[in-house]
Every structure is written in structure tokens, then in C-alpha cells.
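**Q** Sharing a structure below in C-alpha cells format, with a few things to ask.
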């Protein structure tokens, strides 16, 4: 039996008594795994929806599928590159966060393999607090953005200079981020560099 099947089997059969302990145990089991595999496992364990995309064409197909399945009508998106994807799939978007937005389509700073969290900054969500984002969030990131832990992310941020308003988000099952709404759906489109 593969490590993936063992882990999925354990996750499905475990009671929900202490999610933080579960996350720590799963992290320990994956300590020698590749960073991308470890991040994917911990991200999905926390309630996120992980989508690996080999290229932009596959990312576009996956995005279109998510938009249709989730019945998304209006998207908050201020990133110029991401707007191109929305133009192709013909979904309306706003540059400013509006109450009627039922989804946010954003980038991120880093994907943290240690606990499956996603680090955001002003570059990704402008001046908005992560708790104000819509209940559905679609993120696009590259494999090269996966880092081992928060220390690695912070070191890279210090080297890159002026990055403001750092925060992190995780799936709806995670107890790591208190402002996260229980019914938030977090979709990740992870692209090869």
C-alpha cells in the first residue's frame, strides 16, 4: 500500500476530536516527504481543494470547471495576469472587493509545507483583511513558492524588501486561523514553473 493511501485511510478513519493534533501527527509522518507532496497533503487535510496543473492551459480548464461547479457569478481580482484568465472564461470581475463578489481569484506569496497554510500580503489582497474575502477563494501559485516553514517564508520576504500586511489562510477544517469562516472554500491551482 502506498504512503498516500495509508495517509488518506488514516485521515478518513480518524475522529474529529483534535484537528491540531491530527495536523501535527500528519506533519510528522510526512517529515521526509517532498515539499510539494507534504504541502498538498496538509493543505487538503485542512479542507483546501488542491489542483495540480501542468501548464496554463490546464489551469484555465480547471478554473473554468471550478467557476461552473461553484456557480460563481462575480469575482474580485485585481492581478493583471489573473484577469486574463477571467477574460478567457468570460466571468465578470471587479478590481475592488465588493459585497456582491462571490469569489476572489488571487495569487499568494508562499505555500507553507509545514502546516499547509498559504501566506498572503498586500500584493495579493491589497488593503483588505483576509476575513473580508468572499467565501470562495481561488488561488494560483507556482511550485517554486512552496517553502519548508514560516521561517523560510519570512527570510525570503525580508530579502525581497517591502512587503506589507502579511497574513495566512488555510482550509475551512483548520483551527490555525481563527478569523477563517467555517464555510470558506479554498481552491489552489498549483502550476509547474
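Residue numbers (my numbering): 13 to 205.
Glycine residues also receive a C-beta, built at the ideal position from the N, C-alpha and C atoms.
All values derive from a computational prediction rather than experimental measurement.
Among 50, 153, 58, which one has its Cα closest to the Cα of residue 197?
**A** Looking at the Cα atoms, 58 is the closest of the given residues.
**Q** Got a sec, what are the start and stop residues for the alpha helix (DSSP H) residue 107 sits in?
**A** That residue, residue 107, is in no alpha helix (DSSP H); it is neither H nor E in DSSP.
**Q** So what does DSSP say about residue 113, is it helix, strand or coil?
**A** The answer is coil: DSSP assigns residue 113 none of H, G, I, E or B.
**Q** Please state if the CB of residue 125 and the CB of residue 50 are separated by a distance shorter than 7 Å.
**A** Yes. Within cutoff.
**Q** Would you report the Cα separation of residue 135 and residue 90, rounded to the nearest angstrom?
**A** Spanning the two alpha carbons is a distance of roughly 10 Å.
**Q** Report the three-state DSSP secondary structure of residue 129 (helix, strand or coil).
**A** Here residue 129 sits in strand by DSSP.
**Q** Which residue comes first and which comes last in the alpha helix (DSSP H) that contains residue 134?
**A** Here the alpha helix (DSSP H) through residue 134 covers 134 to 137.
**Q** Here's a check: name, in chain order, each residue in its chain whose Cβ is nearer than 7 Å to the Cβ of residue 39, leaving out the five neighbours to either side.
**A** Closer than 7 Å at the Cβ level, and outside the excluded window around residue 39, lie 54, 126, 127.
**Q** State the DSSP-derived secondary structure class of residue 72, mapped to helix, strand or coil.
**A** In this structure, residue 72 counts as helix in the three-state DSSP scheme.
**Q** If we ignore side chains and look at the alpha-carbon of each, how far apart do residue 147 and residue 112 end up?
**A** Distance between the alpha carbons of residue 147 and residue 112: 11 Å.
**Q** State the start and end residues of the unbroken alpha helix (DSSP H) segment that holds residue 165.
**A** It spans 162 to 172 - the alpha helix (DSSP H) in which residue 165 sits, taken as one unbroken run.
**Q** Could you tell me the distance, in whole angstroms, from the CA atom of residue 204 to the CA atom of residue 65?
**A** Rounded to whole angstroms, residue 204 to residue 65 spans 7 Å at the Cα level.
**Q** From what residue to what residue does the alpha helix (DSSP H) around residue 179 run?
**A** Here residue 179 belongs to no alpha helix (DSSP H); instead the beta strand (DSSP E) covers 179 to 181.
**Q** Would residue 155 pass as a contact of residue 122 if the rule is Cβ separation under 7 Å?
**A** Result no, Cβ atoms of residue 155 and residue 122 do not sit closer than 7 Å.
**Q** Could you tell me which of 184, 130, 110 sits nearest to residue 85, measuring between CA atoms?
**A** It is 110 whose Cα lies nearest to the Cα of residue 85.
**Q** Ignore the nearest five residues each way along the sequence and tell me which others in residue 105's own chain have a CB closer than 6 Å to its CB.
**A** Around residue 105: 87, 89, 98.
**Q** Enumerate in chain order the residues of its own chain whose CB-to-CB distance from residue 47 is below 6 Å, with the five nearest sequence positions on each side excluded.
**A** Excluding residues within five positions, the ones whose Cβ falls inside 6 Å are 125, 158.
**Q** In terms of residues, what are the limits of the beta strand (DSSP E) holding residue 154?
**A** From DSSP, the beta strand (DSSP E) with residue 154 extends over 148 to 154.
**Q** If we ignore side chains and look at the alpha-carbon of each, how far apart do residue 118 and residue 167 end up?
**A** Residue 118 and residue 167: Cα-Cα distance of roughly 23 Å.
**Q** Could you tell me the boundaries of the alpha helix (DSSP H) in which residue 197 lies?
**A** Element bounds for residue 197: not the alpha helix (DSSP H) but the beta strand (DSSP E), 197 to 203.
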